[in-house]
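J.: In the working numbering, the protein residues as written are 403 to 802.
1. Specify the secondary structure class of residue 475 as computed by DSSP and reduced to three states.
2. Can you confirm whether residue 641, when its beta carbon is compared against all beta carbons of chain D, has any partner nearer than 8 Å?
3. Measure the alpha-carbon distance for residue 749 versus residue 574 and round it to whole angstroms.
4. Could you tell me the distance, in whole angstroms, from the CA atom of residue 480 to the CA atom of residue 723?
5. Please work out which residues of its chain come closer than 8 Å, Cβ to Cβ, to residue 363, disregarding the five sequence neighbours upstream and downstream, and give them in chain order.
6. How is residue 776 classed by DSSP in three states: helix, strand or coil?
7. Tell me the residue span of the alpha helix (DSSP H) that contains residue 541.
8. Smallest Cα separation from residue 531: which of 513, 425 and 559?
9. Mind listing, in chain order, the continuous beta strand (DSSP E) runs of no fewer than 3 residues lying wholly within the stretch 622 to 675?
10. Can you round the beta-carbon distance between residue 610 and residue 645 to whole angstroms, since I take them to be within the 8 Å contact cut?
11. Should the stretch 766 to 783 be regarded as contacting the stretch 732 to 752, the criterion being three or more beta carbon pairs within less than 8 Å?
12. Based on the DSSP output, what are the partners of residue 744 in its beta bridges?
13. Do residue 717 and residue 648 count as a contact pair if the criterion is CB distance below 8 Å?
14. Answer with buried or exposed for residue 758, where buried requires no fewer than 16 other C-beta atoms within 10 angstroms of its C-beta.
15. Assess contact between the stretch 784 to 800 and the stretch 700 to 711, defined as three or more Cβ pairs (one per stretch) separated by less than 8 Å. Is contact present?
16. Using only alpha-carbon positions, find the residue among 432, 566, 464 and 516 that is nearest to residue 456.
17. Is the beta carbon of residue 444 closer than 8 Å to that of residue 460?
18. Between 785, 760, 782 and 781, which has its C-alpha nearest residue 793's C-alpha?
19. Skipping 5 residues on each side, what residues in its chain have a beta carbon closer than 8 Å to that of residue 452?
20. Using CA coordinates, which residue listed in 589, 489 and 719 is at the minimum distance from residue 772?
21. Thinking C-beta only, is residue 708 closer than 8 Å to residue 678?
22. Kindly indicate which residue of 619, 537, 680 and 467 has the alpha-carbon position closest to the one of residue 650.
23. Looking only at its own chain, which residues have a Cβ that is under 7 Å from the Cβ of residue 661, when we skip the five neighbours before and after it?
24. What does residue 568 pair with, by DSSP beta-bridge criteria?
25. Is it the case that the Cβ atoms of residue 728 and residue 687 are separated by a distance below 8 Å?
26. How many angstroms separate the CA atom of residue 613 from the CA atom of residue 491?
27. Since residue 453 is in the beta strand (DSSP E), which residue starts that stretch and which ends it?
28. Taking the C-alpha atoms as reference points, what is the distance between residue 476 and residue 615?
29. On the DSSP letters alone, give me the boundaries of the beta strand (DSSP E) that residue 501 sits inside.
30. Compute the distance between the beta-carbons of residue 458 and residue 798, then report whether it is under 8 Å.
31. When DSSP labels each residue in this structure, what does residue 517 get in the three-state scheme?
32. Return the first residue and the last residue of the beta strand (DSSP E) that residue 483 is part of.
33. Quick one: what's residue 530 bridged to in DSSP?
34. Starting from residue 433, trace the beta strand (DSSP E) both ways and give me its first and last residue.
35. Give the DSSP-derived three-state secondary structure of residue 459 in the structure shown.
36. Excluding the five sequence neighbours on either side, which residues of its own chain have a C-beta within less than 7 Å of the C-beta of residue 803, listed in chain order?
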């Protein structure tokens, strides 16, 4: 069972104590029986001894033995996108002008404040399959002061800007200019709400559940039940037994793909030179190594070097390097890292048959960090090299 209300959300009854593996900012891993999250950090029990792993050292918490996330078929007819990178699947309730009313599997209607909602779309293909491209574009380009309704009329996609006045299971109201109209929800592919004039601070955590839900917010709670505070007055209680992993958006961590490039050098031998790409591979596909997709990182083609000005502000560099899964069988690359012009890492030759390699380097005092992806055999065919999950870590006690 799962409940959402103005003050708390409850999920399935607690069935067991969870085992957790913590991934730390420097690449180390720590395991133990999960005892909860406190202001000081993650509480674990190891060999019958209670311990606290400092919050500033934690990057991710994975609950071992929990089945992977899998949305429940028939659980709801809409996906609600939450501010901070979250989403839940539910059914729309009665029309409400004060928020988005949803029915959770317990059958009760609850209202989510608009302040925590970015968008709502029909699950599956929606009103029309072609509406997804328009919905995705609107979601990635949210503007202040304008909601966007993506509807299907006569089999064609129609995008309208204006203000969403209400949304319910059967109908909704949308005002475009001075005209307010009722629309049938079943003919809506989705609606994207306006970006806030004053953006909220990023959430401290994202909690991923077995249902495929992602709940962003602040975190507290003991070993049996986690509490996620989405916003003022809206909290979530989730049994640890239902959680697959927790992302900690650690303020010590800065992803390299979010840093400006001080210098970039790209050369081509047999192929046209391809610039490095942020959060995708050099062929504009997902960053994928060993079957795993990485949402953050830098994708390069052979004979590429990118330099970042760090100003001596960071302590560690971490990345997972390897040949992208989409590369041809003949691809082979070599990864190098230079700190202020001095080589501090060389992967040697890596091919598509090699497993990805974790890299963790001390970069204390480094002003210029250069990431190099080179061909290992002199031929740049199929040489898609990924710096997946590439990040730099601030010293302990500092904040972004």
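Where is the CB? At the ideal position from N, CA and C, for every residue including glycine. Remember, it's a predicted structure, so these values are computed and weren't measured experimentally.
T.: Inspection of the coordinates gives the following:
1. With a pLDDT of 46 at residue 475, under the threshold of 50, the predicted position of this residue should be treated as unreliable, and no value is reported.
2. Here chain D cannot be found, since the structure has a single protein chain.
3. For residue 749 and residue 574, the distance between alpha carbons rounds to 57 Å.
4. Cα-Cα distance, rounded: 37 Å.
5. With the chain covering 403 to 802 only, the question about residue 363 has no answer from this structure.
6. Residue state, collapsed to three classes: strand.
7. Start and end: 533 to 542.
8. When each option's Cα is compared against that of residue 531, the closest is 559.
9. Fully contained in the stretch 622 to 675 are the following beta strand (DSSP E) runs of length 3 or more, in chain order: 627 to 633, 636 to 641, 645 to 650, 655 to 657 and 665 to 668.
10. The Cβ separation is near 7 Å, so the contact holds.
11. Touching, yes, given that three or more Cβ pairs across the two stretches are closer than 8 Å.
12. The partner list for residue 744 (beta bridge, DSSP) reads 741.
13. Contact flag unset, no.
14. Counting Cβ neighbours within 10 Å, residue 758 comes out buried, since at least 16 surround it.
15. A contact exists between the stretch 784 to 800 and the stretch 700 to 711.
16. Nearest C-alpha to residue 456 among 432, 566, 464 and 516: 432.
17. Taking 8 Å as the cut-off, the beta carbon of residue 460 is found closer than this to the beta carbon of residue 444.
18. Out of 785, 760, 782 and 781, 760 has the C-alpha closest to the C-alpha of residue 793.
19. Contacts found: 437, 445 and 446.
20. It is 719 whose Cα lies nearest to the Cα of residue 772.
21. Yes.
22. If we check each option's Cα against that of residue 650, 619 comes out closest.
23. Around residue 661: 710.
24. According to DSSP, which records beta bridges pairwise, residue 568 is partnered with 575.
25. Yes, the pair counts as a contact, with Cβ atoms nearer than the cut-off.
26. Approximately 8 Å between the Cα atoms of the pair.
27. Its beta strand (DSSP E) spans residues 451 to 456.
28. Unreliable positioning characterises residue 476 in this predicted model, as indicated by a pLDDT of 49, which lies under 50. The coordinate reading is nonetheless provided below. The straight-line gap from Cα to Cα measures roughly 14 Å.
29. Element bounds for residue 501: 501 to 505.
30. Against a cut-off of 8 Å, the Cβ pair of residue 798 and residue 458 comes out as a contact.
31. In this structure, residue 517 counts as helix in the three-state DSSP scheme.
32. That run of the beta strand (DSSP E) goes 480 to 484.
33. Note: residue 530 sits in no beta bridge, so no partner.
34. Note, residue 433: beta strand (DSSP E), 431 to 439.
35. Helix.
36. Past the edges of the chain, shown from 403 to 802, lies residue 803, and the structure says nothing about it.
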